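Have a look at the structure below, then the notes.
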Amino acid sequence: MKPAPTGRRAGSDGVDAVHVIDVLFVVLPDTLLLDLAGPAEAFRLANQNLARRDRPPLFQLRHTGPLAQTTSSVGLQLAGIEPLPEHFDRPTWVVLMGRPGEAAQVIRRQRPWLDTRQWLARVVAPLLDDPATPHRLLTVCSGALLAADAGLVGTRAVTTHHELLDDLARLAPAAQVRTNRVFVEDGPLLTSAGITAGIDLALHGIAQVGGEALAAAVAQVMVVFHRRAVDDPERSPLLACRSHLHPAVHKVQNAVAEEPARHWTLRELAEVAHVTPRHMTRLFLAHAGVTPRDHVEQVRLAWCHEALAAGQPLKQARALAGFQSERQWRRARARAGAGAMNGTGTGGNAEPDRPM
Numbered sequence: 002m003k004p005a006p007t008g009r010r011a012g013s014d015g016v017d018a019v020h021v022i023d024v025l026f027v028v029l030p031d032t033l034l035l036d037l038a039g040p041a042e043a044f045r046l047a048n049q050n051l052a053r054r055d056r057p058p059l060f061q062l063r064h065t066g067p068l069a070q071t072t073s074s075v076g077l078q079l080a081g082i083e084p085l086p087e088h089f090d091r092p093t094w095v096v097l098m099g100r101p102g103e104a105a106q107v108i109r110r111q112r113p114w115l116d117t118r119q120w121l122a123r124v125v126a127p128l129l130d131d132p133a134t135p136h137r138l139l140t141v142c143s144g145a146l147l148a149a150d151a152g153l154v155g156t157r158a159v160t161t162h163h164e165l166l167d168d169l170a171r172l173a174p175a176a177q178v179r180t181n182r183v184f185v186e187d188g189p190l191l192t193s194a195g196i197t198a199g200i201d202l203a204l205h206g207i208a209q210v211g212g213e214a215l216a217a218a219v220a221q222v223m224v225v226f227h228r229r230a231v232d233d234p235e236r237s238p239l240l241a242c243r244s245h246l247h248p249a250v251h252k253v254q255n256a257v258a259e260e261p262a263r264h265w266t267l268r269e270l271a272e273v274a275h276v277t278p279r280h281m282t283r284l285f286l287a288h289a290g291v292t293p294r295d296h297v298e299q300v301r302l303a304w305c306h307e308a309l310a311a312g313q314p315l316k317q318a319r320a321l322a323g324f325q326s327e328r329q330w331r332r333a334r335a336r337a338g339a340g341a342m343n344g345t346g347t348g349g350n351a352e353p354d355r356p357m
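Residue numbers (the working numbering): 2 to 357.
Structure (structure tokens):
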């Protein structure tokens, strides 16, 4: 989901448009508050994490809609809402959020819905039709129904809340409506299921443009125990050992995710967490369920798989992931296939200064 480069131009907020993505939350009457707040907080926390490391922000949060103020699903008044823009000055992710109730309540073809539907068809749809578009359309819960009603779905793969799947298929008969999916990505269109899936969708976007380590750090702050992956009920090895709350282990896992090709030693990983190598191993076994060496191997296999999926030759993919030889890569695959990376292997007795 990385946006295409744009010319160096500042947005109206004075932030460099090259580095920032506008995240445009489209607010309608009765917007589900968690559909808005969950993803918005994820993007905000990503910027906060970057600022602490003296790095520029990735996201500029904006709130737009057909009304300058309205009421959320829980009765909270929402004000200061920008008018729906007629053009985008930089890469923009438009976020459509859900509303409570069944389809009959969600699809209220009153003035706010009709104005937004017309805006989507007039302004957003042509941008998404461009194969090289830097823009994206993200939907949370029943927000997919608005996208379908505006004609933005077409033949793409989509999903929504499980109670609204039939309604989505009715509104977009040519679409590939996916069941049992947390979220689905098809080109510039990303659709998600029930309310909390919007957080998973935001974390996915953060990982795409800011890296897996940044997304993992945000998930840790948000206490998201199980990050769920796109279009797949199974979880990536990059996520599988992150369902814990131990800050030292997360810190080491973030370091490995940022530099998987580094020839880490157990002592270096322990120094990241400010503990001894022996204690580092005990912490990993207790909280991640694997040894530090096995975790590094899992991450490298995942990076190699992603590089291959992106079209890299096998030799280059192995090198990018940090495997020093074909033999090392094959041994790692064999161990993973045999289920040896479960904390019962020999990785816990690794020499502290031996490169991984």
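Ideal placement from N, C-alpha and C gives every residue a C-beta, glycine not left out.
No experiment lies behind these values; they were computed from the predicted model shown.
In terms of alpha-carbon separation, which member of 143, 201, 247, 152 lies closest to residue 167? The residue with the shortest Cα to Cα distance from residue 167 is 143.
Cα-Cα separation, residue 214 to residue 163: 31 Å
According to DSSP, residue 26 sits in a beta bridge with which residue or residues? Answer is 64, 96, bridged to residue 26.
List the DSSP bridge partners of residue 185. 192
Given a cut-off of 9 Å, decide if residue 274 and residue 212 are closer than it, judged by their beta-carbon atoms. no
The stretch 291–306 / the stretch 315–327 touching (three or more Cβ pairs under 8 Å): yes
Alpha carbon to alpha carbon, what distance is there between residue 138 and residue 96? Cα to Cα, the separation comes out at about 6 Å.
4 or more residues per run - each alpha helix (DSSP H) lying fully within the stretch 108–185: 112–120, 126–129, 144–150, 166–172
Under 8 Å, with one C-beta from each stretch per pair, do the stretch 124–133 and the stretch 147–161 reach the 3-pair mark? Result yes; three or more Cβ-Cβ pairs closer than 8 Å.
Roughly how many angstroms lie between the CA atoms of residue 260 and residue 70, to the nearest whole one? 45 Å
When the Cα atoms are used, what is the spatial distance from residue 295 to residue 99? 41 Å
Excluding the 5 residues flanking residue 160 on each side, which residues of the same chain have their C-beta closer than 6 Å to its C-beta? Cβ neighbours of residue 160 within its own chain (closer than 6 Å, five residues either side excluded): 179, 182, 185, 192, 194.
Going by beta carbon distance, what residues of the same chain come within less than 7 Å of residue 219, once the five residues before and after it are set aside? 43, 46, 47, 50, 204, 207
At the level of alpha carbons, what is the spacing between residue 232 and residue 38? Residue placement at residue 232 is poorly supported in this model, since its pLDDT is 49, which falls under 50; the coordinates are not used for a value here.
For the alpha helix (DSSP H) that residue 282 lies in, which residues bound it at each end? Start and end: 278–288.
Mind checking residue 357: buried by the 16 CB within 10 Å criterion, or exposed? buried
Helix, strand or coil for residue 337 per DSSP? helix
Whose CA, out of 217, 158, 147, 187, lies closest to the CA of residue 252? 217
Just to confirm before moving on: does the CB-CB distance between residue 27 and residue 62 stay below 9 Å? At the C-beta level, residue 27 and residue 62 stay beyond 9 Å of one another.
Keeping to the same chain, check which residues put their C-beta closer than 7 Å to that of residue 318; ignore five residues upstream and five downstream. 305, 308, 309
Collapsed DSSP secondary structure at residue 83 in the structure displayed: strand
Less than 9 Å separating the beta-carbons of residue 72 and residue 83? no
Alpha carbon of residue 40 to alpha carbon of residue 279, nearest angstrom: Cα to Cα, residue 40 sits roughly 38 Å from residue 279.
Answer yes or no: do residue 117 and residue 147 have a C-beta to C-beta separation smaller than 9 Å? yes
Residue 353 versus residue 287: straight-line alpha-carbon distance, rounded: 19 Å
So is residue 75 buried or exposed if we call it buried at 16+ other beta carbons inside 10 Å? exposed
So, helix, strand or coil for residue 78, using DSSP? In the three-state scheme derived from DSSP, where H, G and I count as helix and E and B as strand, residue 78 is classed as strand.
DSSP bridge partner residues for residue 292 (one or two, in chain order): DSSP output for residue 292 lists no bridge partner at all.
Just to confirm the assignment, what range does the alpha helix (DSSP H) spanning residue 33 have? First-last for residue 33: undefined, no H or E at that position.
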